[in-house]
Amino acid sequence: MTTITKGILLRIKQGDRLAFRSLYDAYAPLLYDLGFRLLRDTAAAEELVQDCFVKVWATREEIREGQDLWPLIYVMAKRLCFNQLRHARVTKRYLVQVTDVQVNDVEQRLDVRELESHLEHSIESLPEQQKRALRLSRLEGYSHQQIAVEMGISPNTVKNHITQALKNLRKTLPQADYNYLLLLSLPVVKVADYLLH
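Going by full-length UniProt numbering, the residue at position 159 of the sequence shown is 159; the numbering climbs one at a time, nothing skipped.
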């Protein structure tokens, strides 16, 4: 290993770039080897070398006369490596979780589409008055009074139509996959509004 003299250290402390280049030439290969051995990645090892020397340059005024910089730089490099490895582990764990969520989200959306299709088919098979009352209530947000005016029937008859429509829809649920029943409780299921009120 090249020895960095007191004179070079003093010049580095004063901001001499040529002296700093001497320090870089002496220690960069050693840092690269350390980084590659720990990180197993050439780009990461090169980045480690740059990060270490940027830190040394930023704190050059704190260099003490006669100080051996190699132990300081070595410890700094190891800490940076361990931080990077820890960060990589956390990132990997996070990506696995995000991927699981995305896969579940895609599966859920497919299930939701199936459920919507199943319920739409069931609603279409309802008697015309029940179907119309249910759609006005759940899709359009009409009150029983407004539906009564729209359909030309009494509010009590509207209530009976909606109650009967919901009973008929619930009868179709056992024919659906168990997942459909679970999905009815999820807010993303638009047509579940038919069954929630």
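Heads up, the beta-carbon is just placed ideally off N, CA and C, and yes, glycines get one too.
In this text the structure is predicted, and so the values were computed from the model without any measurement.
Use the C-beta contact count for ARG40: other C-beta atoms within 10 angstroms, 16 or more gives buried, fewer gives exposed.
exposed
Is DSSP giving THR5 helix, strand or coil here?
coil
Between which residues of its own chain and LYS6 is the CB-CB distance below 8 Å, once the five residues before and five after are set aside?
GLU65, GLY66
Hey, is the region 8-19 in contact with the region 43-50, meaning 3+ C-beta pairs nearer than 8 Å?
Contact between the region 8-19 and the region 43-50 is absent: fewer than 3 CB-CB pairs across the two stretches fall below 8 Å.
Exposure of HIS161, with buried meaning 16 or more beta-carbon neighbours within 10 Å:
buried
Outcome for LEU139 when other beta-carbon atoms lying within 10 angstroms are tallied against a minimum of 16
Under this definition LEU139 is an exposed residue.
What is the DSSP secondary structure of THR42, reduced to helix, strand or coil?
helix
Selected residue, minimal CA-CA separation from LEU57, among TYR24, HIS144, TYR32, LEU80
The question names Leu, yet the displayed sequence has Trp at residue 57. Of the listed residues, the one whose Cα sits closest to TRP57 is TYR24.
Just tell me which of ASN168, ILE4, ASP51 has its CA closest to the CA of GLU128.
ASN168
Between which residues of its own chain and LEU32 is the CB-CB distance below 8 Å, once the five residues before and five after are set aside?
A small correction: the amino acid at residue 32 is Tyr; Leu does not occupy that position in the sequence shown. The residues are ALA45, GLU46, LEU48, VAL49.
Identify every run of the alpha helix (DSSP H) within the UniProt domain "RNA polymerase sigma-70 region 2" (23-89), keeping only runs that are complete inside it and at least 4 residues long; order them along the chain.
Fully enclosed alpha helix (DSSP H) runs of 4 or longer: 42-58.
Assigned exposure category for GLN102 - 16 Cβ within 10 Å defines buried
Caution is warranted here: a pLDDT of 47 is assigned to GLN102, below 50, making its placement in the model unreliable, and the coordinate value is therefore given only provisionally. Answer is exposed; the Cβ neighbour count stays below 16.
Excluding the 5 residues flanking LEU38 on each side, which residues of the same chain have their C-beta closer than 6 Å to its C-beta?
CYS81
Give the straight-line distance between the Cα atoms of MET76 and ARG17, rounded to the nearest whole angstrom.
21 Å
Taking the alpha-carbon of TYR27 as reference, which of PHE53, PHE36, LEU9 has the nearest alpha-carbon?
For the options PHE53, PHE36, LEU9, the alpha carbon positioned closest to that of TYR27 is the one of PHE53.
Leaving out five residues before and five after LYS159 in sequence, what residues of the same chain have Cβ atoms less than 7 Å from its Cβ?
HIS144
Would you report the Cα separation of ALA133 and SER125, rounded to the nearest angstrom?
14 Å
In whole angstroms, what is the alpha-carbon distance linking THR172 and GLN84?
55 Å
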